[in-house]
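In my numbering, the protein residues as written are 2 to 259.
Written out below as structure tokens is the structure these notes cover.
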Amino acid sequence: MAWGLVTGSSSGIGYEFAKVLADEGYDVILVARREDRLLELKTEIEQNYQQKAEVIVADLQQAEEVQRVFEESLAFTDNLEILINNAGFGQIGDFTESDLQRNLDMIDLNVRALTHLSGLYAKKMKASRKGYICNVASTAAFQPGPGMAVYFATKAFVLSFSEALAAELEDHNVFVSALCPGPTISEFGKAAKFSSKGVVGKAKLPSSQEVAEFGYKALIEGRATAIHGTLNNLMAQSNRFVPRSLSTSLTKKMISKA
Ligand SMILES: NC(=O)c1ccc[n+]([C@@H]2O[C@H](COP(=O)([O-])OP(=O)(O)OC[C@H]3O[C@@H](n4cnc5c(N)ncnc54)[C@H](OP(=O)(O)O)[C@@H]3O)[C@@H](O)[C@H]2O)c1
Numbered sequence: 002m003a004w005g006l007v008t009g010s011s012s013g014i015g016y017e018f019a020k021v022l023a024d025e026g027y028d029v030i031l032v033a034r035r036e037d038r039l040l041e042l043k044t045e046i047e048q049n050y051q052q053k054a055e056v057i058v059a060d061l062q063q064a065e066e067v068q069r070v071f072e073e074s075l076a077f078t079d080n081l082e083i084l085i086n087n088a089g090f091g092q093i094g095d096f097t098e099s100d101l102q103r104n105l106d107m108i109d110l111n112v113r114a115l116t117h118l119s120g121l122y123a124k125k126m127k128a129s130r131k132g133y134i135c136n137v138a139s140t141a142a143f144q145p146g147p148g149m150a151v152y153f154a155t156k157a158f159v160l161s162f163s164e165a166l167a168a169e170l171e172d173h174n175v176f177v178s179a180l181c182p183g184p185t186i187s188e189f190g191k192a193a194k195f196s197s198k199g200v201v202g203k204a205k206l207p208s209s210q211e212v213a214e215f216g217y218k219a220l221i222e223g224r225a226t227a228i229h230g231t232l233n234n235l236m237a238q239s240n241r242f243v244p245r246s247l248s249t250s251l252t253k254k255m256i257s258k259a
């Protein structure tokens, strides 16, 4: 039986990704900090999809917890087929005014944990010549983000790292995809402290389910970069044709209204 692992599966895109994998016939390993949410999802997957679901409660900001997730997952499968590196958060506010420790924690989660898990599982996937890794980046990856400077930089890392890894592994039957959603309905805005009256709060956004279904399809199709939504695609691609200073100042305006 094939297994998948989803980080950040207690809410939002990761929660929906776990259900997509179960619907596709995968047994799933659910990872996040909120055990009650993960146990509810485990029950839902076992009852509605008749797949196995195992829970590993972990704070992925801690390097030793990331290593523990890998080791505990080996008890369920020595041959993980799909890794969804989804856990992540953002924080709104100018860098000098925002909580420095929270910015460092963000790097530990969005960048370090994702790289650590990719390293551990990609090696095994390469040896077995089978595997899929989806790293959840963002449309934030395509330009600097004044007002969310560290978050945008973490996602630029995820995009660049994933595209390079995809090229390194393509001849080994291991597929890597950077999923780039734009603003999506989830608990992200609450964690990042967006205003409910701001542009993101008032916009009509896609659901996490829609984004997870899109991300899964792109991963299986072997697309190294998958930007969700036509407008998001246009905006991300337009960065190649306008001066970087212009896209930075436009993004600054947009984030100031978030
Ligand atoms: N929603 C958007 O607008 C949007 C747009 C582009 C990209 N993204 C990206 O999509 C990914 C998923 O976010 P989301 O929108 O689904 O937000 P979300 O609903 O807030 O989900 C974030 C998930 O990450 C987990 N998480 C946070 N800190 C963690 C930690 N220290 N250790 C382990 N797990 C942790 C959370 O679980 P616990 O709190 O239970 O640990 C939760 O399951 C993120 O990488 C985000 O950057 C989101």
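From the three backbone atoms N, C-alpha and C, an ideal C-beta is built for every residue, glycine too.
In this text the structure is predicted, and so the values were computed from the model without any measurement.
Item                                                                                                                                                                               : Value
Could you name the residues of the same chain whose beta carbon sits closer than 7 Å to that of K253, not counting the 5 residues immediately before and after it, in chain order? : P147, G148
Are the stretch 124 to 136 and the stretch 215 to 224 touching by the rule of at least three beta carbon pairs closer than 8 Å?                                                    : yes
Taking the continuous alpha helix (DSSP H) assigned at L22, which residues delimit it?                                                                                             : 13 to 24
With DSSP as the reference, label V243 as helix, strand or coil.                                                                                                                   : coil
Say the cut is 7 Å; is the CB of L61 nearer than that to a heavy atom of ligand 1?                                                                                                 : yes
Are the Cβ atoms of F18 and N87 separated by less than 8 Å?                                                                                                                        : yes
Decide if the stretch 28 to 38 is in contact with the stretch 47 to 58; the criterion is three or more beta carbon pairs, one per stretch, under 8 Å apart.                        : yes
CA-CA distance, F176 and A123?                                                                                                                                                     : 10 Å
Is F90 close to ligand 1? I mean its beta-carbon at under 7 Å from any heavy atom of the ligand.                                                                                   : yes
Relative to ligand 1, is the shortest distance from any of its heavy atoms to the C-beta of T185 smaller than 7 Å?                                                                 : yes
Between L105 and I85, what straight-line distance do the alpha-carbon atoms span, to the nearest angstrom?                                                                         : 22 Å
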